[in-house]
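Colleague: A single structure is presented below for examination.
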Amino acid sequence: MAAITYVMEPPEGQVRSLTNLPSSASEVVPAGVATTIIALIAVSLRIFTRKFVVKSVLGADDYLCLTGLAFSFVFLGVTLTLLNLGAGNHLWDIVMSEYSPKFWLTTLGSTLVYGFCIALAKLSVLAFYLRISPDRVIRRAVHILIGLVCVYTFCFILLNIFRCRPVSASWDLSVEGDCIDKEIPMLTLAIANIVIDICVLCLPIRIVIPLQIPTPQKISLALLFATGGL
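Position one of the sequence shown corresponds to residue 304 (my numbering), numbered consecutively onward.
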């Protein structure tokens, strides 16, 4: 019978657990399920209001929001799969056959799905701006931001999929290959993502400033618009 190989040996003072493995899954699962349910309720209320209260047709922002919700369910499923493969456990308790390639391949999948979720959320908000604002400057800025979000997402996906040569070396530790250090590229993408978020959140300021309403209401409207009207 072949010996079981683990990812690493326990550090000094630690003992490998063979049963009842210590894990943070008990904290991750409730949080993931709860936030997904909240998203489902919020989107359902949005669609119900659009269709039956306002009696308006669904727009691009609504369909993007629904697609993002679908991806969030996929992300939850992939996250639960990761937990079954050892995420949240000590590395010295994880069997190598589960860690590579299964764990790393599933991690790649979760990263890509997460990237799509974030992109769809941003695009939904930007499409909402196009729906409510006839201002030419705003619409031009929105179209530029839509392009930036698409370019950012494309770069994010390429970096995560093709960072190793051969590609399979990124999730299969038994494959020899050359992989780039993701730290600097990911830091650059993170900064770009923050800048895009700030621009998306600041756009409503120009929309509400011309309105002849009290300042507190302007602030409330700006915050409402910044959340995509949810």
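Yeah, the Cβ is synthetic: ideal placement off N, Cα and C, and Gly gets one too.
Take Y366 as the anchor and find which of I341, V357, L429 and A495 has the nearest alpha-carbon.
Modeller: Selected option, being the one with the closest Cα: L429.
Colleague: Where are the beta strand (DSSP E) runs, 3 residues long or more, that stay fully inside the stretch 495 to 520, in chain order?
Modeller: Listed in chain order, there is nothing to give.
Colleague: For A328, which option in Q515, A390 and A422 has the closest C-alpha, if you only look at C-alpha atoms?
Modeller: Nearest of Q515, A390 and A422 to A328, Cα basis: A390.
Colleague: Residue range of the alpha helix (DSSP H) that S375 falls in?
Modeller: A363 to N387 is the extent of the alpha helix (DSSP H) around S375.
Colleague: According to DSSP, is W474 helix, strand or coil?
Modeller: Correct three-state label for W474: coil.
Colleague: Hey, is the stretch 354 to 362 in contact with the stretch 373 to 392, meaning 3+ C-beta pairs nearer than 8 Å?
Modeller: The answer is no - the stretch 373 to 392 does not touch the stretch 354 to 362, with fewer than three Cβ pairs under 8 Å.
Colleague: Mind the definition here: the stretch 368 to 385 touches the stretch 414 to 421 only if three or more C-beta pairs lie below 8 Å; say whether that holds.
Modeller: Yes, the stretch 368 to 385 is in contact with the stretch 414 to 421.
Colleague: Could you tell me if S523 is buried or exposed, where buried requires 16 or more neighbouring beta carbons within 10 angstroms of its beta carbon?
Modeller: So S523 ends up on the exposed side.
Colleague: So, using beta-carbon positions, are L408 and W474 closer together than 8 Å?
Modeller: Cβ atoms of L408 and W474: closer than 8 Å.
Colleague: Terminal residues of the continuous alpha helix (DSSP H) containing K256?
Modeller: An answer regarding residue 256 cannot be provided, because it is not within the stretch 304 to 533 covered by the chain.
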